[in-house]
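J.:
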Amino acid sequence: MKPVYVEKDGDLKHFIFNFYDSQDKETWELKFEKINTISASAFKNVTGLEKIFFDNELKIVKREAFANCEDLNLFCCCNLSNKKSREEEKSIVKNISISKTDKFAIEAFAFSECKNISTIVLPECKKLIIEKGAFSGCSVLRSFVSFAEEIDFTENPFEDCPESLTFVGKKNSGLERFAREYGYRFIDD
């Protein structure tokens, strides 16, 4: 069955159909275009959603938008040339096509308790804003890709993530300084 959602004027309001049968697990890879906002709690508690892709028009992920989406493992806001294999996911930076936006924001608890999320890829922006708790309970997050020039983080929004978390971004950026300050690995483009 196809998932159904409510979208109005670029605001993805609610994911309203969630078919999940533990006997015959159906999982989804969803792609959205021309969405600039993911509303609060839009995907909260959704099961079966493994990968979600947005084009570069997305600018804000509101509070608890993906809270407790335990099957979600990849969140991407860039155009990818190939999204199929795990091998390509590992080299995701080489496959992204980026267009720049002014700012990108992730509100508090947006991805809280996404226990399987391993990769986040955000669009290039001048300023990246992430509120505290945005990634609480994301215990397997291993790659965070952002080419933001400057950052505005409320304390450390990655405090519940593993120490092996790797940040990928611009050399000498605010993200690099943040990663080094908190002891995370950083790879520049």
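If you're matching positions, the sequence shown starts at 61 in this note's numbering and goes up one per residue. Built from N, CA and C at the ideal position, the CB exists for glycine as well.
1. When DSSP builds the beta bridges, which residues end up paired with threonine 179?
2. If we ignore side chains and look at the alpha-carbon of each, how far apart do lysine 231 and glycine 193 end up?
3. Express the C-alpha separation of aspartate 69 and serine 178 in angstroms, rounding to a whole number.
4. Could you tell me which of Phe204, Glu209, Gly229 and Val228 sits nearest to proline 217, measuring between CA atoms?
5. Would you please verify whether the beta carbon of alanine 165 is less than 7 Å from any beta carbon of chain D?
6. Hey, alanine 125 and alanine 102: beta-carbon distance below 7 Å or not?
7. Return the Cβ separation of alanine 276 and arginine 123 in integer angstroms, given the expectation that the two are a contact with Cβ distance under 8 Å.
8. What do you get for glutamate 184, buried or exposed, if any count of 16 or more other CB atoms within 10 angstroms of its CB means buried?
9. Going by DSSP, name the residue or residues bridged to tyrosine 65.
10. Mark serine 82 as exposed unless 16 or more other C-beta atoms lie within 10 angstroms of its C-beta, in which case mark it buried.
T.: According to the data block:
1. Here residue 179 refers to the residue found at position 119 when the sequence shown is read from its first residue. Threonine 179 pairs with Leu134 and Ser203.
2. Counted from its first residue, the sequence shown places residue 231 at position 171. Counted from its first residue, the sequence shown places residue 193 at position 133. Looking at the two C-alpha atoms, the distance is approximately 26 Å.
3. Locating residue 178 in the sequence shown gives position 118, counting from the first residue. Locating residue 69 in the sequence shown gives position 9, counting from the first residue. Those two C-alpha atoms are separated by around 30 Å.
4. As a position in the sequence shown, residue 217 is number 157, starting the count at 1. That would be Phe204, whose Cα lies nearest to the Cα of proline 217.
5. Among the chains in the structure shown there is no chain D, since it carries only a single protein chain.
6. Start at 1 with the first residue of the sequence shown, and residue 125 comes out as number 65. Start at 1 with the first residue of the sequence shown, and residue 102 comes out as number 42. Yes, these two residues count as a Cβ contact at 7 Å.
7. This structure leaves residue 276 out entirely; the chain is present only between 61 and 249.
8. As a working mapping, residue 184 is identified with position 124 in the sequence shown. So glutamate 184 ends up on the buried side.
9. Taking the sequence shown and counting its residues from 1, the one referred to as residue 65 is at position 5. The partner list for tyrosine 65 (beta bridge, DSSP) reads Phe75.
10. For the purposes of this step, residue 82 is identified with residue 22 of the sequence shown, where counting begins at 1. Confidence at serine 82 is low in this model, with a pLDDT of 49, below 50, so its placement is unreliable and the value that follows should be read with caution. So serine 82 ends up on the exposed side.
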